[in-house]
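Read through the structure below, which is laid out as structure tokens, and then see the notes.
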Amino acid sequence: MTTSEADVAVHNEGYPPPIPATTRNAGCEWFNQGVARTACAEWMVAAKALALEQVKLDLVYVDPPFNTGATQVDRAGSYADRFGTTQDYIQWLRDRLAVTIGLMRASGSILVHVDWRTSHRVRVLLDELLGEDRFVNHLIWSYGLGGSSPRRFARKHDDILFYCIEPEAYYFDPPMVPATSNRMAGKLKKSTDVLEFPDVLNIPSINNQAHERTGYPTQKPLALVAMLVQACSPRGGNVWDPCCGSGTTVVAASRLGRKAFGSDVNPGAIAIARSRLAEIDQLPDGKFSRSAVDDRRPNETNDLDRPRPIENSH
């Protein structure tokens, strides 16, 4: 299949050459949109396909099913979040993480997004697979919503476990936020100075009226995922989400100048992800809209080589 003129038009210096609309290997068909590739494929199938292409990953962000025992329903269908026992779930995750780690660069990192049900077990699993010295952070995403109970403290956060492949080599570009005080460590600071993010990420979940909301039940905010992608992968690097759901990771990575791979076993999820990718406004000078991360006006461009605050406007 020949490359279309439209594919050539979005090619910029620093990006891979244009690729056909679809490519197939190992029983996995990738649909190519600019610098993003998506496939309706189970995690292991997609991993085998990437291995055959000798893709080396700079970042894996995975938000796997949480083993809630529920059936998640979205506008495009449903999927069962059930794995039998917790041991069954951990074994399912172990098999896939072990293969994924083998696809990564020495400078790569893996972020596993879980919740209170299994975060402690998944951390032990990652210690076993990678080694305790590869642990970097236990991030808390505090989203503020959720029910309450008279019998316990309210559960209003998720856990993101951050591990590296090689402790001396992994990429990290600290995210920055505006300083809230003009005095830090006893020194006067200008109002434009910035602070690093702490390991508690106070980023709201997606507002019901937000433009980015797709109706997918477990969709994560662009502001959260974009901050992680920008901090943990280099511009032009390979980013993969093997349970990509509605495509937030591939959208964020594409708009931030990374080569994005997204796969999911749910056809409805992949359809939503591809629809979102089709709306990406890549500009001819290689810059991307600020709407990449905060849904602001599309003509507010930003040089993505410079660290900057990442905010959620909702």
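Under the numbering used here, the first residue of the sequence shown carries the number 92, and numbering increases by one thereafter. Ideal placement from N, C-alpha and C gives every residue a C-beta, glycine not left out. If you're wondering where the values come from, they're calculated on a predicted model, not measured in any experiment.
Less than 8 Å separating the beta-carbons of Val330 and Ala364? no
Alpha carbon of Arg304 to alpha carbon of Thr339, nearest angstrom: 10 Å
With a threshold of 16 other CB atoms inside 10 Å of the CB of Asn158, please say whether the residue is buried or exposed. buried
State the Cα-Cα distance for the pair Tyr152 and Gly175, rounded to the nearest angstrom. 24 Å
Mark Arg246 as exposed unless 16 or more other C-beta atoms lie within 10 angstroms of its C-beta, in which case mark it buried. exposed
What is the DSSP secondary structure of Arg128, counted as helix, strand or coil? strand
Within this structure, are the beta carbons of Ile256 and Arg225 separated by less than 8 Å? yes
Near Ala197, what residues of its chain come up, given a Cβ to Cβ distance below 6 Å and the 5 sequence neighbours on each side ignored? Ile256, Glu257, Ala260
Between the alpha carbons of Ser210 and Asp154, how many angstroms are there, rounded? 12 Å
Every unbroken beta strand (DSSP E) inside the region 323-355 [3 residues or more]: 329-332, 350-355
Here's the rule: buried if 16 or more other CB atoms are within 10 angstroms of the residue's CB, otherwise exposed. What is Val291? exposed
Range of the contiguous alpha helix (DSSP H) that encloses Ser198: First-last for Ser198: 195-205, but that is the beta strand (DSSP E), not the alpha helix (DSSP H).
Backbone secondary structure at Arg225 - three-state DSSP: helix
Identify, in the order they occur along the chain, each residue of the same chain with its Cβ nearer than 6 Å to the Cβ of Tyr180, setting aside the five sequence neighbours on each side. Asn158, Phe174
May I ask you to list the residues that DSSP assigns as paired with Arg208? Answer by DSSP bridge pairing: none, since Arg208 is not bridged.
Based on the DSSP secondary-structure assignment, which residues constitute the bridge partners of Phe253? Leu202, Asn228
Would you call the region 349-360 in contact with the region 132-140, where contact means no fewer than 3 C-beta pairs closer than 8 Å? yes
Would you give the residue range spanned by the beta strand (DSSP E) that Tyr152 belongs to? 148-153
Would Pro295 pass as a contact of Gly222 if the rule is Cβ separation under 8 Å? no
Between Val190 and the rest of its own chain, which residues show a CB-CB distance below 6 Å, the 5 nearest in sequence each way excluded? Ala138
Find out if the Cβ-Cβ distance for the pair Gly193, Ile371 is shorter than 8 Å. no
Could you check if Ser345 is buried or exposed, using at least 16 other CB atoms within 10 Å of its CB as the buried criterion? buried
Using the three-state DSSP reduction, which class does Asn240 fall into: helix, strand or coil? Position check: residue 240 holds Ser in this sequence, whereas Asn was assumed. If DSSP states are grouped into helix, strand and coil, Ser240 belongs with the strands.
Could you have a look at Gly377 and say whether DSSP puts it in helix, strand or coil? Reliability of the predicted coordinates at Gly377 is poor, the pLDDT of 36 falling under 50, and the value obtained from them is presented with this limitation in mind. Gly377: coil per DSSP, three-state reduction.
Gln300 to Asp149 span [Cα, whole Å]: 34 Å
Which one of Ile297, Trp183, Gly348 has the shortest CA to CA distance from Leu216? Trp183
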